Amino acid sequence: MNMADSVNPPTRPYHAPQRAAAAARTREAIVAAAKDVFERLGWSGATMRAVADHAGVSVKTVEALYRTKAELLKTAVDYAIAGDIRPVPILGREPVAAMQAAPDAPAMLRLHARQVRSISSRAAPIFWVVEQAASAHQDIAGLWAQMSGNRRAGAQWAAATLLAKPGVPPHIGQRYAEEVFWIAIDPGTYRSLTLGRGLSPAGFETWINNFYNKMLLR
Numbered sequence: 001m002n003m004a005d006s007v008n009p010p011t012r013p014y015h016a017p018q019r020a021a022a023a024a025r026t027r028e029a030i031v032a033a034a035k036d037v038f039e040r041l042g043w044s045g046a047t048m049r050a051v052a053d054h055a056g057v058s059v060k061t062v063e064a065l066y067r068t069k070a071e072l073l074k075t076a077v078d079y080a081i082a083g084d085i086r087p088v089p090i091l092g093r094e095p096v097a098a099m100q101a102a103p104d105a106p107a108m109l110r111l112h113a114r115q116v117r118s119i120s121s122r123a124a125p126i127f128w129v130v131e132q133a134a135s136a137h138q139d140i141a142g143l144w145a146q147m148s149g150n151r152r153a154g155a156q157w158a159a160a161t162l163l164a165k166p167g168v169p170p171h172i173g174q175r176y177a178e179e180v181f182w183i184a185i186d187p188g189t190y191r192s193l194t195l196g197r198g199l200s201p202a203g204f205e206t207w208i209n210n211f212y213n214k215m216l217l218r
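Note that this note's numbering numbers the sequence shown so that position 73 is 73, with each residue one more than the last.
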C-alpha cells in the first residue's frame, strides 16, 4: 500500500435503501393518481396539477419525473397493464412463466384467461382514453400504435405457446389461433362484456375460457 492509499481510502458507493424506497413510493403514487385522473377526466381534461393534487405531491415533483403529459400517460398505461411499476416486462413475469410451464393446452388456456381478466380489469379504461385521444393528438397516436403492436405480439406469443402444448386439434394453426387471442385480449371485448352485458370480472374470465375451449380445442 502506498501513502496515497492510506490518506485517501477508496470511496464506497452511497446506498440509501430507505430513500430509494420512498422515491419508489412517490413514483407509484403519481402513476396511480395519473391512471385515475386520465380515466375520470380523459386526455384533454387531465392536467399535471390534477395528478399532483391527487397524489399529494407538488407539480414540480410530477414534472421532474415525467416531463410531459404524454409521457405520464404512457407510464400510466404500463402501470395499468403490469399492476406495479417494477421494470419487469410482461413476458418476464410469473403468470407468463406459469403458462409456459402448463402441462397441456387446456391448462395453458385457463391461465391465459385468468391473465386476460387481470390485465383487462386494470387497463381497459385507460386503453379507452388512449384510443379516443389518438385521432386528435400525434403523440397519443404513436402510443396507440405501440400498444396495438404489443397486443399483436401478445397474440403471436400466446398462439405459439398454445401450439407447443399437447391437446391442440391438428386443424388449429398459428394464424387462426392469433386471431382468437387478438379478440380475447382486445380491451373492447372486456368493456363490451362487462359494461355492455353486465358480466363481472369473474364472469368475463369464465366467458373467455369457454370461448377458448370452443374456438381452440374443438
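We put the beta carbon where it would ideally sit given N, CA and C, even for glycine. Note that the coordinates shown come from a computational prediction; the quantities given were computed from them, not determined experimentally.
Could you spell out where the alpha helix (DSSP H) holding residue i opens and where it closes?
i, result
"Ala177", "174–185"
"Arg25", "17–45"
"Leu247", "Examination of residue 247 is not possible in this model, given that the chain is present from 1 through 218 alone."
"Ala67", "Residue 67 is actually Arg in this sequence, not Ala. Segment: none, Arg67 is in no alpha helix (DSSP H) and carries neither H nor E."
"Thr161", "138–163"
"Arg86", "Where Arg86 is concerned, there is no enclosing alpha helix (DSSP H), given that its DSSP letter is neither H nor E."
"Asp53", "48–55"
"Arg117", "105–134"
"Pro95", "94–101"
Drop a sphere of 10 angstroms on the beta-carbon of residue i, count the other beta-carbons inside from all chains shown, and report buried for 16 or more, exposed for fewer.
i, result
"Ala4", "Unreliable positioning characterises Ala4 in this predicted model, as indicated by a pLDDT of 42, which lies under 50. A coordinate reading is not provided."
"Gln138", "exposed"
"Lys214", "exposed"
"Gln115", "buried"
"Glu205", "buried"
"Ser6", "Confidence in Ser6 is poor, its pLDDT being 44 and thus under 50, which makes the residue's placement unreliable; the coordinate value appears in the next sentence. Result: exposed."
"Pro125", "buried"
"Ala134", "buried"
"Ala55", "buried"
"Arg218", "exposed"
Anyone know if the C-beta pair for residue i and residue j falls short of 8 Å?
i, j, result
"Met147", "Val130", "yes"
"Thr61", "Ala52", "yes"
"Glu28", "Ile90", "no"
"Ala159", "Ala184", "no"
"Trp144", "Pro187", "no"
"Ala113", "Asn209", "yes"
"Trp182", "Ala155", "yes"
"Val57", "Met48", "no"
"Leu111", "Pro95", "yes"
Judging by CA-CA distance, which residue of the options is the nearest neighbour of residue i?
i, options, result
"Thr194", "Trp207, Trp182, Ile183", "Trp207"
"Ala153", "Glu179, Gln132, Phe204", "Glu179"
"Ala24", "Gly42, Glu205, Pro87", "Pro87"
"Leu216", "Leu109, Pro17, Ala76", "Leu109"
"Thr75", "Arg93, Phe38, Leu163, Ala160", "Phe38"
"Ala46", "Ser58, Ile30, Ala64, Lys69", "Lys69"
"Thr26", "Ala64, Leu41, Gly42, Trp43", "Ala64"
"Tyr66", "Pro95, Gly42, Trp43, Ala34", "Ala34"
"Thr161", "Met99, Tyr212, Gly142, Leu73", "Met99"
"Glu71", "Phe211, Ile30, His54", "Ile30"
"Ala136", "Arg191, Asp36, Ala22, Gly42", "Gly42"
"Ala97", "Trp157, Gln132, Arg19", "Trp157"
"Ser44", "Ser192, Ala21, Ile140", "Ile140"
Validate contact between the segment 109–126 and the segment 78–88 using beta carbons, cut 8 Å, 3 pairs: yes
The segment 102–110 contacting the segment 156–174, beta-carbon criterion three pairs below 8 Å: yes
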